[in-house]
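Right, one structure below, let's go through it.
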Amino acid sequence: MEQDMKALILAGGFGKRLMPLTIDQPKPLVEIGGKPILVRQIEWLRGQGISDIILAVGHLRTKVFEKLGDGSKYGVRLFYSVEEEPLGTEGAIKNASKYIDTDLFVVTNGDVITDIDVSALVKGMGDGLATIALVPMRSPYGIVEVDENGYVKSFKEKPLLEYMINAGVYVMKRKTIDMMADKGDIEKGVFPKLAREGKIRAVIYNNSFWRSIDTVKDVEEVSAMLAAKQVN
Numbered sequence: 004m005e006q007d008m009k010a011l012i013l014a015g016g017f018g019k020r021l022m023p024l025t026i027d028q029p030k031p032l033v034e035i036g037g038k039p040i041l042v043r044q045i046e047w048l049r050g051q052g053i054s055d056i057i058l059a060v061g062h063l064r065t066k067v068f069e070k071l072g073d074g075s076k077y078g079v080r081l082f083y084s085v086e087e088e089p090l091g092t093e094g095a096i097k098n099a100s101k102y103i104d105t106d107l108f109v110v111t112n113g114d115v116i117t118d119i120d121v122s123a124l125v126k127g128m129g130d131g132l133a134t135i136a137l138v139p140m141r142s143p144y145g146i147v148e149v150d151e152n153g154y155v156k157s158f159k160e161k162p163l164l165e166y167m168i169n170a171g172v173y174v175m176k177r178k179t180i181d182m183m184a185d186k187g188d189i190e191k192g193v194f195p196k197l198a199r200e201g202k203i204r205a206v207i208y209n210n211s212f213w214r215s216i217d218t219v220k221d222v223e224e225v226s227a228m229l230a231a232k233q234v235n
């Protein structure tokens, strides 16, 4: 990627739905296919040409410090933005602003496993101030199609729906930080403001891998996909 950027990973999650995997470790350190989520994210960002990565940490943060250190063993430089209390996604970005000194920066939720191309978000921004990655929505349930007489026509396991969902990966201009609150979520704060001003755009990723790791079942499914080499 030609554009000089830093990345911010929002890694302060409690991971209550991932119990018992998160009894004594923060959610972003849960292993997927033998590697912590954060390590997979660092490798993905490094592959995009991003070598300076900020981790917004809070809950059980010393575990993250101990595991990742300064990032040198992963070929990156890591910086830590500490939250003494949960600040929400927008507050976490504002709190980390002292480490963000590039015109553009990437933000990603700390529970995402993906291979999306960040450069497409940069190109898609145009004259806006931010770009959001969108992915097709998949039903969490299998569905059954039935005809008008009550006969079963087909079974579909977790079919794609007609909607797109926020993938939790963004590219933003640094000036957006001035619009942010000290506490709160970005989806309720600066993003609606930018939308009203026509300053936020979206890029749809139809063919990229993306999963949010929210439950033990997600851990098991993505780990199985990695073992089957369906994901890098």
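Everything in the sequence shown is counted per the numbering used here, starting at 4 for the first residue and increasing by one.
Just so it is clear, CB atoms sit at the ideal spot from N, CA and C, and this is done for glycine as well.
Put simply, the segment 165-174 touches the segment 115-134. At least three CB pairs are less than 8 Å apart. Using a Cβ-Cβ distance cut-off of 8 Å, the segment 50-70 and the segment 141-152 are not in contact, since fewer than three pairs of beta carbons, one from each stretch, lie closer than that value. Residue environment: S157 is assigned as exposed (fewer than 16 neighbouring CB atoms within 10 Å of its CB, all protein chains considered).
In this structure, the straight-line span from the alpha carbon of F194 to that of K97 is close to 14 Å.
Under the DSSP assignment, V33 falls outside any alpha helix (DSSP H); it carries neither an H nor an E label. With a cut-off of 8 Å on Cβ pairs, the segment 117-137 is in contact with the segment 200-211, counting three or more such pairs. Annotation: M167 to A136 spans about 10 Å, alpha carbon to alpha carbon. Between I189 and the set V110, S122, L164 and K220, the nearest pair of CA atoms involves V110. Y208 carries a coil assignment under DSSP once its states are collapsed to helix, strand and coil. Judged by DSSP secondary structure, D55 falls within the beta strand (DSSP E) whose first and last residues are D55 to V60.
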